[in-house]
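Numbering (the working numbering), first residue to last: 81 to 402. Contents: one structure, followed by commentary.
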Ligand SMILES: Nc1ncnc2c1ncn2[C@@H]1O[C@H](COP(=O)(O)OP(=O)(O)OP(=O)(O)O)[C@@H](O)[C@H]1O
Ligand SMILES: [Mg+2]
């Protein structure tokens, strides 16, 4: 596994400007990560907080479209290639008060080509930007970079559609993030051998899930098992189901929560769902945020409720591995 220590080896400054980073991931493409990221960012900015939305879907960046702004001149590509030294040079304004954004590169840069050192440089810089909240829009897939950006956030949100393919990818994403998180934890150095075995889905040791891993760790040493337990408890990802059409779709969120607990030992918070809403594609066609174009839609109310809930109930959550 690459980049094992750089994210955790940096000393964290005691006073960082940013209160919380929220990351939106989900494994599968086209499940609404960008719609959700932009909508949450807009809703957050309306609560009076200063917000920075960051497009980390390098190579497929389109957060600017869901935010209703043109692709800016400076993008993350300029920061990663050190054409600009300060992250502030990549921050662009939007027409929405309290909301700024950083665009992901749309040109040749692939996220796989971003060196580890640049990722660490970015994560250090982002905690000190002039914003209260930072929202990461992640790309599809389970690359180490995407997982690391997800895990570097304080609030880790997974979105998926009530469809078998999306649910499968959602599980895969959660499981990968989970193992990566355990693997990166300095406290679990001695368990790495087992974590690596667990990450190989076809391993011969019968370690298929985090609960199997916990069983092995308990056998090895009680201290290791205790460290593992505490890391497992700190990982509290959140689920938002998107494009819900029927009442039984809503129930899928609860089933996913149960499966995560039973088979992975992951405590997943099911935050809620967004209806399938034709306002979304109408707004996208007009290159306008749905939050502004259809302010009275049910979707906007649902997003505002989610933000309100996160601000009230999870204001202190710090799941970040940094
Ligand atoms: N709640 C919704 N109702 C109706 N359409 C939706 C909804 N959410 C997303 N969509 C549609 O799904 C498409 C994909 O959404 P979005 O671009 O946000 O997904 P994504 O997960 O960011 O995709 P990618 O992985 O390609 O970045 C959008 O074009 C939009 O039209
Ligand atoms: Mg996207």
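The C-beta atom is built at its ideal place from N, Cα and C for all residues, glycine as well.
- Look at residue 181 here: in three-state DSSP terms it is strand.
- In this structure, ligand 2 has no non-hydrogen atom nearer than 7 Å to the beta-carbon of residue 108.
- Taking C-beta atoms under 8 Å as the contact rule, residue 298 and residue 305 qualify, at a distance of about 4 Å.
- The beta-carbon distance between residue 202 and residue 159, rounded to whole angstroms, is 7 Å. This is short enough to meet the 8 Å contact definition.
- One thing to note: residue 322 has its Cβ no nearer than 8 Å to the Cβ of residue 107.
- A contact is defined here as three or more CB-CB pairs under 8 Å, and the region 370–377 meets this definition with respect to the region 351–362.
- Between residue 265 and residue 313, the C-beta gap is not smaller than 8 Å, which leaves the two residues out of contact.
- Within the model, the alpha-carbon separation for residue 401 versus residue 236 is close to 11 Å.
- Ranking 242, 119, 365 by CA distance to the CA of residue 327 puts 242 first.
- In the DSSP assignment, residue 238 falls within the beta strand (DSSP E) that extends over 235–240.
- Residue environment for residue 165: exposed (fewer than 16 other C-beta atoms within 10 angstroms of its C-beta).
- Judged by DSSP in its simplified three-state form, residue 171 adopts strand.
- Looking at the DSSP output, residue 216 shares a beta bridge with 103, 134.
- At a threshold of 7 Å, residue 114 counts as near ligand 1, since its beta carbon sits closer than that to one of the ligand's heavy atoms.
- Judged by DSSP secondary structure, residue 353 falls within the beta strand (DSSP E) whose first and last residues are 349–355.
- Following the DSSP letters along the chain, one finds residue 249 in no beta strand (DSSP E) but inside the alpha helix (DSSP H) bounded by residues 244–264.
- Secondary structure at residue 124: helix, using DSSP grouped into helix, strand and coil.
- When the Cα atoms are used, residue 386 and residue 396 turn out to be separated by approximately 16 Å.
- The three-state secondary structure of residue 287, taken from DSSP, is coil.
- By the Cβ neighbour-count rule, residue 162 is exposed, with fewer than 16 other Cβ atoms within 10 Å of its own.
- Checking the 7 Å criterion, the Cβ of residue 361 is within range of a heavy atom belonging to ligand 1.
- Here the C-alpha atom of residue 172 lies approximately 17 Å from the C-alpha atom of residue 207.
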